[in-house]
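Numbering (this note's numbering), first residue to last: 6 to 296.
Ideal Cβ placement from N, Cα and C applies to all residues, glycine included.
Some notes on the structure that comes next.
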């Protein structure tokens with residue numbers, strides 16, 4: 006079966022392309038694994054894995070999107086073929102009446118094949134300049150600094166509860182964060198394979214990013230408490246900016262830096278979750294038993 010993590014973004018792109026061209030997304034057919042021969046296509050066919058073949062004696066009408074796997078044409082495709090990944094091969098005697106558009110992946114057209122039009126989209130990757138990288142980092146630091154300062158001024162108890170979980174219950178927080186992160190990522194990926202749940206999947210990812218930003222603000226609050234600044238809101242704002250810069254620098258250190266960064270992320274996520282985003286102080290169950 007195709008790797009869901011690799012296929013998901015391309016599947017979303019294919020859905021967007023179908024919507025833009027006025028096709029009925031709910032009528033599309035998706036193939037993820039196995040060997041299959043197609044004799045007809047209702048409106049659009051998406052090849053996400055496995056091997057899909059148009060036999061030599063068949064002619065199918067419709068649009069084909071290849072986001073993974075192999076798509077082989079021995080017969081005729083009366084429509085366009087858009088390749089976002091995977092492999093496309095048009096054998097001798099095979100024909101594509103429309104356009105074979107290759108964005109990524111490997112495409113092979115035999116000398117005896119017929120293709121109405123063929124185009125290749127080439128992407129030139131442009132590396133961000135130092136000024137752009139610094140500017141983006143500064144923007145992140147500014148946004149989290151404002152959030153940290155506002156929370157420390159208006160709702161300091163929220164930050165205090167999460168910070169207490171990070172400091173005194175780091176193991177529990179780390180385990181909860183790691184388990185939740187891995188489970189949620191897999192859940193969002195598989196939800197996205199059901200078209201009606203794609204918006205839910207993106208909403209879940211947005212909530213995850215918000216939770217991560219919240220965790221960074223909490224780390225900034227902890228750093229701010231150690232700074233010689235009298236105003237708690239200002240200290241939290243400065244601490245949040247410091248955390249953003251420190252996390253970026255950690256990410257540039259191979260292995261060790263990445264491992265530390267990952268540990269901080271899962272611990273922060275877990276602390277936010279076990280305290281219900283700071284609205285409740287975390288109390289381990291063992292504490293009640295000891296009493």
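### Query
Which value, in whole angstroms, describes the spacing of the CA atoms of residue 240 and residue 162?
15 Å
### Message
Just to confirm the assignment, what range does the alpha helix (DSSP H) spanning residue 285 have?
### Response
Note, residue 285: premise wrong, no alpha helix (DSSP H); not H, not E.
### Query
Out of curiosity, what's the CA-to-CA distance linking residue 175 and residue 269?
10 Å
### Query
Secondary structure at residue 63, three-state DSSP: helix, strand or coil?
coil
### Task
Could you name the residues of the same chain whose beta carbon sits closer than 6 Å to that of residue 96, not counting the 5 residues immediately before and after it, in chain order?
79, 115
### Query
Using DSSP with H/G/I as helix, E/B as strand and the rest coil, what is residue 117?
coil
### Query
Per DSSP, residue 42 is paired with what?
58
### Task
Compare the C-alpha of residue 89 against each of 16, 281, 43 and name the closest.
16
### Three-state secondary structure (DSSP) of residue 18
helix
### Query
What did DSSP end up calling residue 37 once you bin it into helix, strand or coil?
coil
### Query
Where does the unbroken alpha helix (DSSP H) through residue 145 begin, and where does it stop?
135-159
### Query
Would you call the segment 143-156 and the segment 245-258 in contact, with 3 or more CB pairs under 8 Å?
yes
### Query
What is the DSSP secondary structure of residue 89, counted as helix, strand or coil?
coil
#### Entry: Residue environment, residue 24, which counts as buried when at least 16 other CB atoms sit within 10 Å
exposed
#### Entry: C-beta atoms of residue 55 and residue 67 nearer than 8 Å
no
### Query
Exposed or buried, what is residue 62 when buried is set at 16 or more other beta-carbons lying within 10 Å of its beta-carbon?
exposed
### Query
Roughly how many angstroms lie between the CA atoms of residue 99 and residue 81, to the nearest whole one?
6 Å
### Message
Please state whether the Cβ-Cβ distance between residue 121 and residue 93 is less than 8 Å.
### Response
no
### Own chain partners of residue 52 with C-beta closer than 6 Å, once the 5 adjacent residues on each side are dropped
36, 71, 74, 76
### Message
Assuming residue 83 is part of the beta strand (DSSP E), what are its boundary residues?
### Response
81-83
### Task
On a CA-only basis, which of 29, 226, 235 is nearest residue 153? Give me that one, please.
226
### Message
In the DSSP output, which residue or residues are listed as bridge partners for residue 214?
### Response
In DSSP, residue 214 forms no bridge with anything.
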